[in-house]
């Protein structure tokens, strides 16, 4: 059973609950070459499912929103606050607002679930890039 109403937070017509299939809805955004996100926004938080192709690397960036990331599939190097940390499926990380971060994948690529609070306004619409004023190209969906 899928709710056919919008997933945007400014839509007051939807019920207080929501069930989504990631391949059917959400806002699509190409964050950078090889980094594609499907984004679901609520009133106070936002989910971003990011598929990262093998040998892709994001641009170092920051934003004011707090972020949690969970590596669902694959391997990556998480670059955060000047450190490179190898991560495998099942690992997660926390990024406070204002901390520079990025991601890099190897042979396998990766799938990451990011959670933002509050929602990132620029991610409520389909498009390209991070909306952080850093130009086009790389970044980790965050």
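In the numbering used here, the protein residues as written are 10 to 151.
Positions of the beta carbon are idealized from the N, C-alpha and C atoms, including for glycine.
For a quick check, are the C-beta atoms of residue i and residue j less than 9 Å apart?
| i | j | result |
| --- | --- | --- |
| residue 127 | residue 71 | no |
| residue 140 | residue 129 | yes |
| residue 51 | residue 64 | no |
Quick one: what's got a C-beta closer than 7 Å to residue i's C-beta in the same chain, skipping five residues either side?
| i | result |
| --- | --- |
| residue 108 | 71, 89, 90 |
| residue 136 | 38 |
| residue 103 | 77 |
| residue 119 | 61, 80, 82, 83, 84, 85 |
Tell me the DSSP secondary structure of residue i in three-state form.
| i | result |
| --- | --- |
| residue 133 | helix |
| residue 115 | coil |
| residue 46 | strand |
| residue 92 | strand |
| residue 100 | coil |
Going by CA-CA distance only, name the one from the options that's closest to residue i.
| i | options | result |
| --- | --- | --- |
| residue 81 | 64, 133, 117, 73 | 117 |
| residue 97 | 106, 114, 133 | 114 |
| residue 125 | 49, 36, 44 | 49 |
Just to confirm my understanding: we take residue i, look at its own chain, exclude 5 residues before and 5 after, and list those with CB closer than 6 Å. What are they?
| i | result |
| --- | --- |
| residue 106 | 73, 74, 75 |
| residue 36 | 48, 135 |
Go ahead and label residue i buried or exposed: buried means 16 or more other beta carbons lie within 10 angstroms of its beta carbon, across all protein chains shown.
| i | result |
| --- | --- |
| residue 134 | exposed |
| residue 92 | exposed |
Here's a check: name, in chain order, each residue in its chain whose Cβ is nearer than 8 Å to the Cβ of residue i, leaving out the five neighbours to either side.
| i | result |
| --- | --- |
| residue 101 | 77, 78, 79, 80 |
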